[in-house]
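Protein chains in written order, with the numbering used here: chain A, 1 to 355; chain B, 1 to 355.
Notes follow once the structure below has been shown.
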C-alpha cells in the first residue's frame, strides 16, 4: 500500500509528491497551517486525497488548540476550516470534507457539557473514518469499473488518479488495478501531463510499483497513437462533476476526451460520489484554478521561455458530459443522461457502507 | 533578420537552436560531417532549413575535397550526399535539396575539362541560390496566406515553423508576420511543443523579437482555449506533404487539427513546394522518426520518469488531409481535393522566380 497520507500520533504524515519518482521523502504536518501549505504546494494533490487531508487538517487543528471550552473555540474552529478551504478552488472534495467536519463539530457542540478533548477525539475519528471510506470507495469503483476495461490492450490515462491522489488504490488507476487483479492484460499509456508531470512522475511510479507495464508519452502524442489503433480505452479521475455530468479534471483531459470520441474509443471517468457537486448545474459553474506562470516558464531553476512571453496555466479544464462514456462511482456506473442517472442512484441504498 | 544559417568564407554558420531562448550562440561547420552532426543534433531544425543546410553541407564537402579530378571525386561526392541524407528521415526537403545538388553536379561533371574548382564554385552558388529561394518562398507564402488570417484575434501555432525553421521569415510564422505587416492585430498562442519545446523556446523567442505578442501554453491547454472561443485560426508548418494532402509535421499537430475541426476553427498548413512529396501517395507512406527516449525522460540532467517506464518519442505525426482547411505554398493556396489542386498548380507557371 502506497502511504500517500497517514494520521500519526505526531501529526499527519505525507509522502512528498513533489520529490517523486526518484526520492521517497515524507513530510510531517504538525499544525493545520502545515496541512494548508502542503495542499497549496501540491505535496499532496488529487481531489479525494485533498479532501481527506483537509479533514485531517481540521482534526489536527482541533487537537492542537489551547481553547478550554467549546464556546471560546468556535471562532478558532471557523478559522481552521476557512484556511483549509482557501487552499485550492476546483476540487469539490475539499469543501465536501470540510463541510462534513463542520457538521460533525456542530452536532458535538450541542451536547451539554462536552469537553474539548472529547470533540478532538471525535473529529480525529471522523477524519480517520473518511480515510477508510475513501479506500473502500476506490475498491468499489474498481469492482464496478473493471469489467469496462479491455480484456487485453492499452489504456490511456491522464494526470494521476491513483493511490497518490487518494488514500490508496486510486480512482482511475484503481479501476485499472482491479481489472489487472481480475486477469486483464493491460498496458498503461500515461500522458506525462504538463506542466506538473503527474503522469511521468507519479502515475508511472505507482503503476510500476505494482508491476503494471507503463509507458510515458508527451501529452501531444496520444492523438497519433489513437489513430494507429494503439489505445483501447481512456480512463481519468475528476476534481468536480457538475449535476449534468460535465467533468472538471486536470488540464488536457478535455482534449483527450474529444480525441477519444473522434477515434471511437470509450472515455471513462472514475470518481467517488463526493466529487459530484449537485449544487453546480453545469461545468460552466466550476471555478478553474490558475496556477503560477513559473510552473510553465521554468523547469526547476532553468528558464524555458523568453522574457516577455505571456503564459497560460489553468490547472483544470471542463469536459462536457457528451464526451463521457460513463462515470464510475463507488455506488455504481452512471451513464447519460447523467442528471437522471445521479438522481436514480441517490434514491438507491448506497452499496458501500460508511462504517 | 534572424540569422538561422549562413554561408561564410570559413564555413556554414548556424545559430545554435538548442541554446535559445536565453543564449544566442553560433556554431561554425567547417566540414560536411559537421553539418550532418548539426542537423542530427537539432542545432538546426525545421524542414526548409534542413534542406538548405544539407545543400550547403554538400557544397562545403565539395569545396574542402582534396580530389584533383571529377572522376576521382565522384565516390567522395556520393558519400557526402549519403551522410547528409542519413541525418533525419521525415522532412522530405532534405532529400529534395540533396537530389538537386546531385543533379547539378551530374550536369557539371559532363562538361569536358571542367575543374574541381569550377564545380565547387557552381555548387556553392547553387546552395546559396536555394537559400535565397527559400526566403523568397516564405515571403510569397506570407503574401498568399495573410488574407486567411483573422483581421484581429488569436492564432495558435504548434512547434516552430518560423524564421528559425527556414532561411528567414518562416512558413507558418511568415504568414503571421505578413498578416501583421498588413495591419492584422494578431496575438499568437504558441504550444510549448514537448519534448523539445520548440514553441516555448523558439517560436516565442522569434515572434517577441519582432514585437508580435505571444503567449506560451502547454500542449494540453489548447483544447480548452478553443472551447472558450479564444482561438480564431491554427497555422502550422509541414515536414512532408503526401500527394493526397496528408501532412506530416511535428508530433501533436494531428491532435490540434482534430480539435480545430471539432471547434469549427480553420486549420492551415504553410509549406514550400519542396515539402510536397508527389512520390508518396498518402501519409501512411511517410517514415516517422523516433527520437531518443532521453528527450522525454530527462530535462537537462534531471530525470523525470521512474526507471522501468516505457517511453514513446515519435518526432512527427500525420494529419489526414480531411482536417486541413488549406495548404499555403509559394505558388498559391491549395484546397481539397488536394491531389487535383496540386496537379492544377503544377500546370501553372510558378509565381516565384528561382532567380
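Cβ coordinates follow ideal geometry from the N, Cα and C atoms, glycine included.
| request: Can you have a look at residue 113 of chain A and say buried or exposed, based on whether 16 or more other CB atoms are within 10 angstroms of its CB? | output: exposed
| request: Answer yes if the stretch 29–38 of chain B comes into contact with the stretch 136–155 of chain B, meaning at least three C-beta pairs across the two stretches below 8 Å, and no otherwise. | output: no
| task | Measuring only between beta-carbons, confirm whether residue 299 of chain A sits less than 8 Å from chain B. | result | yes
| Taking the DSSP output, what are the residues bridged to residue 298 of chain A? | A:303
| task | Report the partner residues of residue 12 of chain A according to the DSSP bridge assignment. | result | A:7, A:29
| Bridge partner(s) assigned by DSSP for residue 268 of chain B | B:235, B:326
| request: For residue 355 of chain A, I'd like the list of residues in its chain whose CB is within less than 7 Å of its CB, leaving aside the five on either flank, ordered along the chain. | output: Unreliable placement is indicated for residue 355 of chain A, whose pLDDT of 35 sits below 50; the coordinate value is still reported in the next sentence. Excluding positions up to five away in sequence, the list is empty.
| Outcome for residue 25 of chain B when other beta-carbon atoms lying within 10 angstroms are tallied against a minimum of 16 | exposed
| query | Helix, strand or coil: how does DSSP classify residue 44 of chain B here? | reply | coil
| request: Would you mind telling me which residues of chain A sit closer than 8 Å to residue 194 of chain B, beta carbon to beta carbon, in chain order? | output: 192, 194, 218, 219, 220
| task | Specify whether the stretch 113–125 of chain B and the stretch 80–92 of chain B touch according to this definition: at least 3 beta carbon pairs, one from each stretch, less than 8 Å apart. | result | no
| message | Using the Cβ count rule (16 or more neighbours within 10 Å means buried), how would you classify residue 163 of chain B? | response | buried
| request: Under 8 Å Cβ to Cβ from residue 100 of chain A, same chain only, skipping five residues before and after it: list those, please. | output: 55, 126, 130
| Going along chain B in order, which residues have a C-beta closer than 7 Å to the C-beta of residue 303 of chain A? | 22
| message | Give me the chain A residues within the contact set of residue 224 of chain B, using Cβ-Cβ distance strictly less than 7 Å, ordered along the chain. | response | 251, 254, 314, 317
| Of all Cβ atoms in chain A, is any one closer than 8 Å to the Cβ of residue 352 of chain B? | Unreliable placement is indicated for residue 352 of chain B, whose pLDDT of 49 sits below 50; the coordinate value is still reported in the next sentence. No, no contact with chain A.
| query | Within 10 angstroms of its Cβ, does residue 300 of chain A collect 16 or more other Cβ (buried), or is it exposed? | reply | exposed
| request: To the nearest angstrom, report how far apart residue 219 of chain B and residue 62 of chain B are at their CA atoms. | output: 42 Å
| field | Boundaries (first-last residue) of the alpha helix (DSSP H) holding residue 321 of chain B | value | From DSSP, residue 321 of chain B is part of no alpha helix (DSSP H); its letter is neither H nor E.
| Based on the DSSP secondary-structure assignment, which residues constitute the bridge partners of residue 250 of chain B? | B:316
| request: Report the neighbours of residue 205 of chain B on chain A: residues whose CB is nearer than 9 Å to its CB, in chain order. | output: 305, 306, 309
| field | 8 Å Cβ cutoff, residue 355 of chain A in contact with chain B | value | Low per-residue confidence applies at residue 355 of chain A: pLDDT is 35, beneath 50, and the placement is therefore not dependable, though the value from the model is reported in the following sentence. Residue 355 of chain A does not count as touching chain B.
| request: For residue 185 of chain A, write down the residues that DSSP places opposite it in a beta bridge. | output: A:152
| Can you name the residues of chain B whose CB is closer than 9 Å to the CB of residue 215 of chain A? | 309, 310, 311, 312
| said: Please confirm whether residue 164 of chain B has its beta-carbon closer than 8 Å to some beta-carbon of chain A. | reply: no
| query | Relative to the alpha-carbon of residue 211 of chain B, which residue among A:307, A:345, A:71, A:21 has its alpha-carbon at the smallest distance? | reply | A:307
| Cβ of residue 146 of chain A versus every heavy atom of the ligand MN: is any distance shorter than 7 Å? | In the structure shown, the ligand MN is absent, as is every other ligand, since no ligand is present at all.
| request: For the beta strand (DSSP E) containing residue 214 of chain B, list its first residue and its last residue. | output: 214–217
| task | With 8 Å as the threshold, decide whether the Cβ of residue 44 of chain B is near any Cβ in chain A. | result | no
| said: So that I know if they touch, is there some Cβ in chain B lying closer than 8 Å to that of residue 92 of chain A? | reply: no
| said: So for residue 279 of chain A, helix, strand or coil by DSSP? | reply: coil
| task | Check whether the Cβ of residue 28 of chain A lies closer than 8 Å to any Cβ atom in chain B. | result | no
| task | Give the range of the alpha helix (DSSP H) segment to which residue 414 of chain B is assigned. | result | This structure cannot speak to residue 414 of chain B, because chain B is shown only from 1 to 355.
| message | Tell me which residues share the same chain as residue 326 of chain B and place their Cβ nearer than 7 Å to its Cβ, disregarding the 5 neighbours each side in the sequence. | response | 148, 268, 333, 334, 335
| message | Using C-beta distances below 8 Å, list every residue in its chain close to residue 217 of chain A, excluding the 5 sequence neighbours before and after it, in chain order. | response | 189, 190, 191, 192, 225
| query | So, helix, strand or coil for residue 288 of chain A, using DSSP? | reply | coil
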